[in-house]
Each structure stands twice: as C-alpha cells, then as structure tokens.
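Its first residue numbered 150, the sequence shown is counted upward by one per residue in the working numbering. Using N, Cα and C, we set each Cβ at its ideal position, and we do this for glycine too. All values reported here derive from a predicted model rather than from experimental measurement. This report concerns only the one structure given below.
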Amino acid sequence: MARLARLYAPRIAQLVHAKLIHPFSTAPNSGQLMSQVQTWLSELVITHKVALHGWILLDDGIFLLATPANEQGVARVMQSIGRNLAATMRSGPVFAGRYHSALLEPGQWVIPALVWIEACVGRSKGLDAPELWPWSSAGIHTGASMGSVAWLTDHEDYWQTGNTPFDRQARYKEKFQEGLSMNEMGQIGAALSGQWALGGEAFLQSLSVNASRRVIPGKRGRPHKIQSGTKTATQEK
C-alpha cells in the first residue's frame, strides 16, 4: 500500500507524534539528552517558522502541537531533530518510521489535543503530577512552573480561555485536571494513528478545499457493479 502524503492545510494546527526506536533511557545521560532535544526544538521551530503550541518528550517518543507557516515546516523540524539525535546517540536511524500527524478543528479539538499530549506522561508513567514533568509545556500552561519561553506560541483557543495569563492558566488547569473522556481520547488517538483531520462535518468539508490530500478515510470496498443483464432506469426509457 502506498504511504499517505503529508496532510497539511494553511493555518490549521497539527498534532504530531514521532516514535523512537531506542528510548531516551538507553542513553547514559537520558535526562541531559532530553534537555538537549528540547533545546534543539526551541531553535528549530524558530528557524523553520513553526508556531509551537505545546510539546512533551517521553522516554519513547516526541509529541508536538504546532501550526507551521508552510507545508514543509514540521517535516524539517522533525528531520533535523532526527539527524541531531542520530549523531549524538550513534545508533543509526532514531525514529520508528515516519512521524504521524493529524489536523485539528480550532475551537473544538485544539485544547483537548493539548491536554491529551501534556497529560500523557501521567498515563504512561502513572505520575500524580504530570504538569511537573520537566520536558513538557504542561507546567507553563497550568502555572506549575514559573515564567514562559519565547519559542512557545499559545494557540488562539488557549488565549480565549481567559483575559489574563493567570486566568488562562487557571482555566486550563481545571481542564487539565478534569481530563478527557474515553471518547475524546479515542477520537484523538484514531485521528493521529490514521493521519486524518479531526473535526465536525462543516470543518472537514471546508478543509478539503485547501488540504494537501483527502482529510478523512475513504469508504472501504469497491464500488458496486451493475450486472450486465440489469437495465438501469435510464436505459429502460
């Protein structure tokens, strides 16, 4: 089966996941390496004009929520991280295949996707306070860590949660601690795994006009054939 082309649409946020072949924990100084990857990320999103809305580094992968300025932005960021990691770890390829990405409807799925990635360390490692994970944007969004970083660009949906930084952090923290429903998590996971767009029917229809390829899976199976001995209504007239 031919692999899908990258799904891209102008000014639409992407949820991105790259799975590592060799977990960070296999490196002698895994924490230091993860901090280095975070530094590379901070530089690369600026270089390639990618608005980074959220991120998390896990032992076995990298998750991003970002809006690139052009179709190649995210790919160039991930390729550069891969090359830097390969040179540092000296282990050959570092990613298990191509990264996966999904497009998200603004006003509907951006905040849930942000919660999904920033809280995933709690699901994978059973941490009671995932907002304190040092290789993540969760602390910035919830107010658990002081200050901000210049290379993090809050999405408009996050800005709409409050009038001041403290309001936004408080509102987001409520959503973060509340968590997502099983249905929400399932839909996000399915869209990312399949590399499709996630949103309502109107959004998907409008997106299909500008997207780089189809935005939802096609119907399975072949079209029904008309039997040779069966006349259609047009043929009978």
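Closest to residue i by C-alpha separation, out of the options, would be which residue?
i	options	result
Glu-327	Pro-279, Trp-189, Val-364, Pro-159	Pro-279
Glu-220	Ala-162, Ile-230, Ala-176	Ala-162
Pro-217	Ile-195, Asp-209, Arg-232, Ala-236	Ile-195
Leu-353	Ile-365, Gly-231, Gln-318, Glu-192	Ile-365
Val-243	Ile-211, Val-270, Phe-315, Leu-253	Ile-211
Leu-301	Met-334, Thr-188, Leu-341, Arg-232	Thr-188
Gln-181	Leu-276, Ala-351, Leu-234	Leu-234
Leu-341	Leu-153, Ala-154, Leu-164	Leu-164
Ala-245	Ala-176, Ser-184, Pro-172	Pro-172
Ala-299	Gly-311, Ser-286, Arg-232	Ser-286
Would you report the Cα separation of residue i and residue j, rounded to the nearest angstrom?
i	j	result
Trp-282	Trp-258	23 Å
Leu-329	His-166	19 Å
Ala-268	Asp-208	14 Å
Thr-381	Ala-224	The predicted model places Thr-381 with a pLDDT of 43, which falls under 50 and marks its position as unreliable; any figure quoted below should be read in that light. Spanning the two alpha carbons is a distance of roughly 49 Å.
Gly-271	Ile-289	17 Å
Trp-345	Ser-355	14 Å
Leu-190	Gly-349	31 Å
Gln-336	Gly-256	16 Å
Lys-374	Arg-155	Confidence is the limiting factor: at Lys-374 the pLDDT is only 48, short of 50, which leaves the residue's position unreliable, though a coordinate-based value still follows. Each residue's Cα considered, the two are about 32 Å apart.
Met-238	Gln-228	15 Å
Gly-179	Asn-359	Note on identity: in this sequence residue 179 is Ser, with Gly being the wrong assignment. Cα-Cα distance, rounded: 41 Å.
Ser-174	Ser-240	14 Å
Ile-260	Leu-347	13 Å
With a cut-off of 8 Å on the beta carbons, I'd call residue i and residue j a contact; round off their distance for me.
i	j	result
His-197	His-304	The Cβ separation is near 18 Å, so there is no contact.
Leu-193	Ala-262	Incorrect: roughly 21 Å between the Cβ atoms, too far for contact.
Val-186	Val-226	That belief does not hold up - the Cβ atoms of Val-186 and Val-226 are roughly 11 Å apart, past 8 Å.
Trp-284	Ile-205	7 Å
Trp-265	Met-334	6 Å
Would you mind sorting residue i into buried or exposed? The rule is 16 or more other CB atoms within 10 Å of its CB.
i	result
Arg-160	exposed
Tyr-157	buried
Trp-308	exposed
Asp-316	exposed
Gly-338	exposed
Glu-254	buried
Gly-222	buried
Met-388	The structure shown does not extend to residue 388, since the chain is modelled only from 150 to 386, so the question has no answer here.
Ser-297	exposed
Asp-277	exposed
### Message
Does the structure place the segment 320–339 close enough to the segment 288–300 that three or more beta carbon pairs sit under 8 Å?
### Response
Cβ pair count under 8 Å is three or more, so yes.
### Message
Three Cβ pairs or more, each shorter than 8 Å: is that satisfied between the segment 167–176 and the segment 241–255?
### Response
Segment contact: the segment 167–176 against the segment 241–255, three or more CB-CB distances shorter than 8 Å; contact assigned.
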